[in-house]
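Read top to bottom, the protein sequences are chains H and C.
Letter by letter, the first sequence follows residues 1 to 213 in the working numbering.
Letter by letter, the second sequence follows residues 1001 to 1396 in the working numbering.
Quick reminder that beta carbons are idealized off the backbone N, C-alpha and C, glycines included.
Quantities reported herein were computed from a predicted structural model and do not represent experimental measurements.
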Amino acid sequence: MWDFIVERREQIAYNTFQHFNLVVQAVVVATLIAVVLAVLVVGAPRLQGVANAISAIGLTIPSFALVGLLLPVFSIGAFTAFLAVAFYAVLPVLRNAVVGLQQVDPTLVESARGMGMSRLAVLWRIRLPLAWPVILAGVRISMQMSMGVAAIAAYVRGPGLGDYIFRGLASIGGANAVNYALVGTLGVVVVALIADALLLLLGRVTVPRGIRA
Amino acid sequence: MSTEHAMEPTSEESTAERAESQVSGAEIVLEDVVKQYPGQASPAVESLSLTIPAGEIVMFVGPSGCGKTTSLKMINRLIEPTSGTIRIDGEDARSQSENALRRKIGYVIQGGSLFPHLTVAKNIAIVPKLLGWDTRRVQERIDELLDLVGLDPAKYRDRYPRELSGGQQQRVGVARGLAADPPVLLMDEPFGAVDPITRQRLQDELLSIQRELRKTIVCVTHDIDEAIKLGDRILILKEGARVAQYDTPEVVLGAPADEFVEDFVGSGSSLKQLSLVRVSEVELHRPVTATVGEKVDDVRRRAEAAGERSVVLLDGRGRPVSWPWLRQLKGDSVVEPADELITIDQRATLNDALDTMLSSSHGGAVVTGDRDQYLGVVVFDAVTDHIRSLEEQAHE
Chain H
1 MWDFIVERRE QIAYNTFQHF NLVVQAVVVA TLIAVVLAVL VVGAPRLQGV ANAISAIGLT
61 IPSFALVGLL LPVFSIGAFT AFLAVAFYAV LPVLRNAVVG LQQVDPTLVE SARGMGMSRL
121 AVLWRIRLPL AWPVILAGVR ISMQMSMGVA AIAAYVRGPG LGDYIFRGLA SIGGANAVNY
181 ALVGTLGVVV VALIADALLL LLGRVTVPRG IRA
Chain C
1001 MSTEHAMEPT SEESTAERAE SQVSGAEIVL EDVVKQYPGQ ASPAVESLSL TIPAGEIVMF
1061 VGPSGCGKTT SLKMINRLIE PTSGTIRIDG EDARSQSENA LRRKIGYVIQ GGSLFPHLTV
1121 AKNIAIVPKL LGWDTRRVQE RIDELLDLVG LDPAKYRDRY PRELSGGQQQ RVGVARGLAA
1181 DPPVLLMDEP FGAVDPITRQ RLQDELLSIQ RELRKTIVCV THDIDEAIKL GDRILILKEG
1241 ARVAQYDTPE VVLGAPADEF VEDFVGSGSS LKQLSLVRVS EVELHRPVTA TVGEKVDDVR
1301 RRAEAAGERS VVLLDGRGRP VSWPWLRQLK GDSVVEPADE LITIDQRATL NDALDTMLSS
1361 SHGGAVVTGD RDQYLGVVVF DAVTDHIRSL EEQAHE
């Protein structure tokens, strides 16, 4: 196996980076979408049930099935993979962002309004910073989940390590089948651990000491 | 810095003590103010008319649900009145945007309501920054305010709210309310979330700050004792924010307008009258004082010469820090003790003074003035003498 890795080290490194890249981009876009949706949802209590239901149902759709469903609409390639990953990535962040925003003490919001802060300033400077630790926890869940989804998205020729896994599974019994599958799987695990460590670091930097757990 | 008003200080007897301090508050006038919530049979506030004089503390009291908080929040338009006008310093509150209006009105609510993700300094800086003050002016103002509310700026500026006690949080809340030097300060149950001793100290401090600043303060409370102690005037409200009585504490206690007020203030109890007499009206005893760092032998000689068995110890800035017996003075020079001395402000009531005396081994309480400066000691005999003289006056 060592020889297998050494021989293909440049390609493996490239694919690993591509995997990381796909997931990070999808999660960043998903987080932005989820936070905007959460702000709208929290502002309109009637939408909250809808949002929760969508998050819950969305997570039950098998990712393989979703990738398949996206195929007729979008062509094979990286963009379709990105869409599939981003779709799943939105759901945990949305859920946590809604909870995080709801948990903000209403007296703090009233206090901020009473001091003459505009609604937008209250959102930006009070509500989102206070909800941030909870949102960030959602992002971590989302990132972990997206690592696996991105591997599956390789089915539509998405970039990343999924291709190794599929190649290994397709050639079972072949010379390098186990090596392909193992490199793909372990690669995903390593990328996931690195991404999680980076998110922890982000938390240390962006969550003020006053609300750190 | 302060909004200069070319107003004469009012010659109100309760605020005359420091006539030299300028009134920086503004008059608030409510005219036929109504708040009717849709879908409710009777209005939350049915036609409230009221004049709150500049530079006075007016306490809104009443049973829960009487509309006192609603009335307060209509002043800074957190609740929009259904009809009627509110004028602050002669200007209609609706003539400007709600945000502009609120930046000129301090707002302090229960527990201080500090933003937990911001440091003490950043909490205080919010309104000055909204008003576009430059950084240096904001920084100076933060230190000035922390000093005003009795917190050492160097020690507390960069702390987060959760690193403060309840009383300290409430102090920062008051500092934040005063940050941009607004003429009006609205307070909603400000001292509801702290223990009784802390509450008494916070009340004393508020009175001391008010002596200096002379803002117009409107404060909601459900505690009639707090209203009597803090208020230049008390507004007692019935359901629907109907005015039961609006007068000075002396009149409310001495001549309640009706049975409702009588029940509410619990009149007839002569002990309530103790809440009307301020410590400053009683003769203070002036025991021997010592300063931290002095030689113990010198202090002892001085005290013994005066026939005293204890001394009041002051720090370098003239603030009392402890009240030790002579036998407790040990070592070479006098050191500052670890535990805090419980003092009372000169505006504290005799009621508070008695409370504090009960927990003191000296049968007295150390009295402080502005910025915790030492004034003297109030002793039990002085209080009983004063009560006796009041009774004699009443008989004559």
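**Item:** Cutoff 7 angstroms; reference H/Ala153; Cβ partners in own chain excluding five residues on either side
**Value:** Here residue 153 of chain H refers to the residue found at position 153 of the first sequence. These residues qualify, in order along the chain: Val67, Ala81, Ala84, Val85, Gly162.
**Prompt:** How many angstroms separate the CA atom of C/Val1299 from the CA atom of C/Leu1276?
**Reply:** The residue you call residue 1299 of chain C lines up with position 299 of the second sequence. The residue you call residue 1276 of chain C lines up with position 276 of the second sequence. Going from the Cα of C/Val1299 to the Cα of C/Leu1276 covers about 37 angstroms.
**Request:** Below 7 angstroms CB to CB, which residues in the same chain sit around C/Arg1162 once its five sequence neighbours on both sides are set aside?
**Result:** Stepping through the second sequence from its first residue, residue 1162 of chain C is reached at position 162. For C/Arg1162, where only same-chain residues beyond five positions count, the Cβ hits under 7 angstroms are Pro1116.
**Prompt:** Quick one: what's got a C-beta closer than 6 angstroms to C/Arg1347's C-beta in the same chain, skipping five residues either side?
**Reply:** Translated into the one-based positions of the second sequence, residue 1347 of chain C becomes position 347. Only Leu1207, Arg1278 meet the Cβ criterion.
**Asked** Can you tell me whether H/Trp132 is buried or exposed, with buried defined as 16 or more other CB within 10 angstroms of its CB?
**Response** Taking the first residue of the first sequence as position 1, residue 132 of chain H is located at position 132. Answer is buried; the Cβ neighbour count reaches 16.
**Asked** CB-CB under 8 angstroms to C/Asn1123, same chain, minus the five flanking residues each way: which ones, in chain order?
**Response** As a working mapping, residue 1123 of chain C is identified with position 123 in the second sequence. So the qualifying residues of the chain are Leu1114, Phe1115, Pro1161, Val1172, Arg1176.
**Prompt:** By Cβ distance, which residues of its chain are closer than 6 angstroms to H/Ser63, with the 5 residues on each side in sequence left out?
**Reply:** Against the first sequence, residue 63 of chain H aligns to sequence position 63. For H/Ser63, where only same-chain residues beyond five positions count, the Cβ hits under 6 angstroms are Val149, Ile152.
**Message:** By DSSP's criteria, C/Asp1345 is part of a beta bridge. Which residues make up the other side?
**Reply:** As a position in the second sequence, residue 1345 of chain C is number 345, starting the count at 1. Its beta-bridge partners are C/Thr1368.
**Request:** Could you name each continuous beta strand (DSSP E) segment of 3 residues or more that falls completely within the stretch 1012-1072 of chain C, going from the start of the chain to the end?
**Result:** 1028-1035, 1045-1052, 1057-1061
**Asked** Is the beta carbon of H/Arg140 less than 8 angstroms from the beta carbon of H/Asp196?
**Response** Along the first sequence, one-based indexing puts residue 140 of chain H at 140. Along the first sequence, one-based indexing puts residue 196 of chain H at 196. Against a cut-off of 8 angstroms, the Cβ pair of H/Asp196 and H/Arg140 comes out as a contact.
**Asked** CB-CB under 7 angstroms to C/Glu1262, same chain, minus the five flanking residues each way: which ones, in chain order?
**Response** Counting from one through the second sequence, the residue named residue 1262 of chain C turns up at place 262. Hits under 7 angstroms: Pro1256.
**Item:** Limits of the beta strand (DSSP E) - the one that C/Gln1245 falls within
**Value:** Here residue 1245 of chain C refers to the residue found at position 245 when the second sequence is read from its first residue. From DSSP, the beta strand (DSSP E) with C/Gln1245 extends over 1242-1247.
**Request:** Verify the CB distance criterion: does C/Tyr1107 have a CB-CB separation below 8 angstroms to chain H?
**Result:** Sequence index remark: in the second sequence, residue 1107 of chain C carries index 107 (1-based). By this cut-off, C/Tyr1107 is an interface position.
**Asked** In its own chain, which residues sit with a C-beta less than 7 angstroms from the C-beta of C/Leu1101, not counting the 5 before and 5 after it?
**Response** Locating residue 1101 of chain C in the second sequence gives position 101, counting from the first residue. If we look at C/Leu1101 and ignore the five residues flanking it on each side, its Cβ neighbours are Asn1076, Arg1077, Ala1093.
**Request:** Decide if C/Ser983 is buried, meaning its Cβ has at least 16 other Cβ atoms within 10 Å, or exposed.
**Result:** Given a span of 1001 to 1396 for chain C in the structure shown, any question on residue 983 of chain C remains unanswerable.
**Item:** Cross-chain neighbours of C/Arg1103 in chain H, by beta carbon under 8 angstroms
**Value:** Translated into positions along the second sequence, residue 1103 of chain C becomes position 103. The answer, in chain order, is Met115, Gly116.
**Request:** Note down, in chain order, every chain C residue with its Cβ under 8 angstroms from the Cβ of H/Ala140.
**Result:** Stepping through the first sequence from its first residue, residue 140 of chain H is reached at position 140. The sequence shown places Arg at residue 140 of chain H, not Ala. Here the premise fails: no neighbours, minimum Cβ distance about 19 angstroms.
**Request:** Would you identify the three-state DSSP class for H/Asp105, choosing helix, strand or coil?
**Result:** As a first step, residue 105 of chain H is located in the first sequence; it is residue number 105 there, counting from the start. Coil at H/Asp105, not helix or strand.
**Prompt:** Which of the residues in the stretch 1214-1235 of chain C, read from start to end, lie with their CB under 9 angstroms from any CB of chain H?
**Reply:** none
**is_contact[C/Ala1172, chain H] using C-beta, thresh 8 angstroms** = For the purposes of this step, residue 1172 of chain C is taken as residue 172 along the second sequence, with counting starting at 1. Per the sequence presented here, residue 1172 of chain C reads as Val, with Ala not at that position. Answer no: the Cβ-Cβ gap between C/Val1172 and chain H never drops below 8 angstroms.
**Message:** In the DSSP output, which residue or residues are listed as bridge partners for C/Trp1325?
**Reply:** In the second sequence, the residue the question calls residue 1325 of chain C occupies position 325. The partner list for C/Trp1325 (beta bridge, DSSP) reads C/Ser1310.
**Message:** Taking the straight line between their C-alpha atoms, what separation do you get for C/Asp1204 and H/Val23?
**Reply:** Residue mapping note: residue 1204 of chain C aligns to position 204 of the second sequence, counting from 1. Residue mapping note: residue 23 of chain H aligns to position 23 of the first sequence, counting from 1. Each residue's alpha carbon lies about 59 angstroms from the other.
**Message:** Taking the beta carbon of C/Glu1008 as the centre, do at least 16 other beta carbons fall within 10 Å, making it buried, or is it exposed?
**Reply:** Looking up residue 1008 of chain C in the second sequence gives position 8. Unreliable positioning characterises C/Glu1008 in this predicted model, as indicated by a pLDDT of 42, which lies under 50. A coordinate reading is not provided.
**Per-residue DSSP class, three states only, for C/Glu1262** = Translated into positions along the second sequence, residue 1262 of chain C becomes position 262. C/Glu1262: helix per DSSP, three-state reduction.
**Asked** So with Cβ pairs under 8 angstroms, would you call H/Thr206 a contact of chain C?
**Response** Looking up residue 206 of chain H in the first sequence gives position 206. No, H/Thr206 lies away from the interface with chain C (no Cβ there is under 8 angstroms from its Cβ).
**Message:** Restricting to runs no shorter than 3 residues, where is the beta strand (DSSP E) found entirely within the stretch 1150-1234 of chain C?
**Reply:** 1184-1188, 1216-1220
**Where the beta strand (DSSP E) through C/Arg1087 begins and ends** = Start at 1 with the first residue of the second sequence, and residue 1087 of chain C comes out as number 87. C/Arg1087 -> beta strand (DSSP E) spans 1083-1088.
**Asked** Does the Cβ of C/Glu1056 have 16 or more other Cβ atoms within 10 Å, making it buried, or fewer, making it exposed?
**Response** Within the second sequence, residue 1056 of chain C is the residue found at index 56, counting from 1. By the neighbour-count rule (16 or more Cβ atoms within 10 Å), C/Glu1056 is buried.
**Message:** Using a Cβ distance threshold of 8 angstroms, determine whether the stretch 1063-1075 of chain C contacts the stretch 1026-1039 of chain C, with at least three qualifying pairs required.
**Reply:** yes
**Helix, strand or coil at H/Leu206 [DSSP, three-state]** = Residue 206 of chain H sits at position 206 when you count from the first residue of the first sequence. Leu is not the amino acid found at residue 206 of chain H; the sequence shown has Thr there. Of the three classes helix, strand and coil, the one that applies to H/Thr206 here is helix, per DSSP.
**Prompt:** C/Ile1075 CB to nearest chain H CB: under 8 angstroms?
**Reply:** By one-based count along the second sequence, residue 1075 of chain C stands at place 75. C/Ile1075 does not count as touching chain H.
**Message:** Using only the alpha-carbon positions, how far apart do C/Leu1358 and H/Leu136 sit?
**Reply:** Mapped onto the second sequence, residue 1358 of chain C falls at position 358. Mapped onto the first sequence, residue 136 of chain H falls at position 136. In a straight line, the C-alpha of C/Leu1358 is about 53 angstroms away from that of H/Leu136.
**Same chain, Cβ closer than 6 angstroms to H/Gln48, five either side skipped, listed in chain order** = If you number the first sequence from 1, residue 48 of chain H lands on position 48. Closer than 6 angstroms at Cβ, skipping near neighbours: Val41.
**Prompt:** What distance in whole Å lies between the Cβ atoms of H/Leu101 and H/Val39, which are believed to be in contact at a cut-off of 8 angstroms?
**Reply:** Locating residue 39 of chain H in the first sequence gives position 39, counting from the first residue. Locating residue 101 of chain H in the first sequence gives position 101, counting from the first residue. Between H/Leu101 and H/Val39 the Cβ distance is about 7 angstroms, and since that is below 8 angstroms, they are a contact.
**Item:** Within-8 angstroms CB hit, C/Tyr1160 to chain H
**Value:** In the second sequence, counting from the first residue as 1, residue 1160 of chain C sits at position 160. By this cut-off, C/Tyr1160 is an interface position.
**Item:** Spatial distance of C/Glu1239 from C/His1222 (CA atoms)
**Value:** In the second sequence, the residue the question calls residue 1239 of chain C occupies position 239. In the second sequence, the residue the question calls residue 1222 of chain C occupies position 222. Cα to Cα, the separation comes out at about 13 angstroms.
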